[in-house]
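Undergrad: Mapped onto mature numbering (1 follows the signal peptide of the UniProt record, and there is no 0), the consecutive letters of the sequence shown carry residue numbers -19 to -1, 1 to 70.
By construction, the Cβ of each residue, glycine as well, lies at the ideal position given by its N, Cα and C atoms.
A quick note: this is a predicted structure, and the numbers were derived from the prediction, not measured.
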Amino acid sequence: MKFLLIMACLTLCVASINAQICQGRPVFQLCTGGRDEGNRNGRFCGLTAQSGMWFYNSRSRRCEKMNYRGCGGNGNRYCKVEDCNRCRR
């Protein structure tokens, strides 16, 4: 029983850490909309700011790097280039 409890705690801990790695991920990701780094106008925008994010450039048909400022922006924002590259398909 202790083993199962420890495994459950570890699983939740790992899931929580993985979810916190990329704070700027939008709820709905879209391959359109161009580059939009958002803004820092809100009180807590700095908490969700994320450097090294990606957006899909529909003109060049490539994923390009950008820095998300923490608030606003559009759904064309990805934590990993692999996720962004799905737009190319």
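Quick check on DSSP: helix, strand or coil for glutamate 63?
TA: Here residue 63 corresponds to residue number 82 of the sequence shown, with the count starting at 1. Three-state DSSP puts glutamate 63 in a helix.
Undergrad: Excluding the 5 residues preceding and the 5 following asparagine 23 in the sequence, name in chain order all residues of the same chain whose CB lies nearer than 6 Å to its CB.
TA: Position 42 of the sequence shown, counted from the first residue, corresponds to residue 23. For the record, residue 23 in the displayed sequence is glycine; it is not asparagine. Excluding residues within five positions, the ones whose Cβ falls inside 6 Å are Cys52.
Undergrad: Specify the secondary structure class of valine -6 as computed by DSSP and reduced to three states.
TA: Your numbering for residue -6 matches position 14 in the sequence shown. Bear in mind that a pLDDT of 45 at valine -6, under 50, signals an unreliable position, so the number given afterwards is only what the model happens to contain. Valine -6: helix per DSSP, three-state reduction.
Undergrad: For aspartate 17, which option in Asn48, Gln4 and Gly27 has the closest C-alpha, if you only look at C-alpha atoms?
TA: As a working mapping, residue 17 is identified with position 36 in the sequence shown. When only C-alpha atoms are compared, the closest one is Asn48.
Undergrad: Could you round the C-beta distance between asparagine 57 and phenylalanine 36 to whole angstroms and report it? I think they count as a contact, below 8 Å.
TA: Walking along the sequence shown from the start, residue 57 turns up at place 76. Walking along the sequence shown from the start, residue 36 turns up at place 55. Yes, asparagine 57 and phenylalanine 36 are in contact; Cβ-Cβ is about 5 Å, under 8 Å.
Undergrad: If you draw a straight line from the alpha carbon of valine 8 to that of serine 41, how long is it in whole angstroms?
TA: Taking the sequence shown and counting its residues from 1, the one referred to as residue 8 is at position 27. Taking the sequence shown and counting its residues from 1, the one referred to as residue 41 is at position 60. So the alpha carbons of these two residues sit roughly 25 Å apart.
Undergrad: In chain order, what residues of the same chain have a beta carbon less than 7 Å from the beta carbon of serine 32, not counting five sequence neighbours either side?
TA: Here residue 32 refers to the residue found at position 51 of the sequence shown. Contacts found: Asn48.
Undergrad: Can you tell me which of Asn38, Gly5 and Cys65 puts its alpha carbon nearest to the alpha carbon of arginine 21?
TA: Numbered from its first residue, the sequence shown carries residue 21 at position 40. Comparing Cα positions, the closest option is Gly5.
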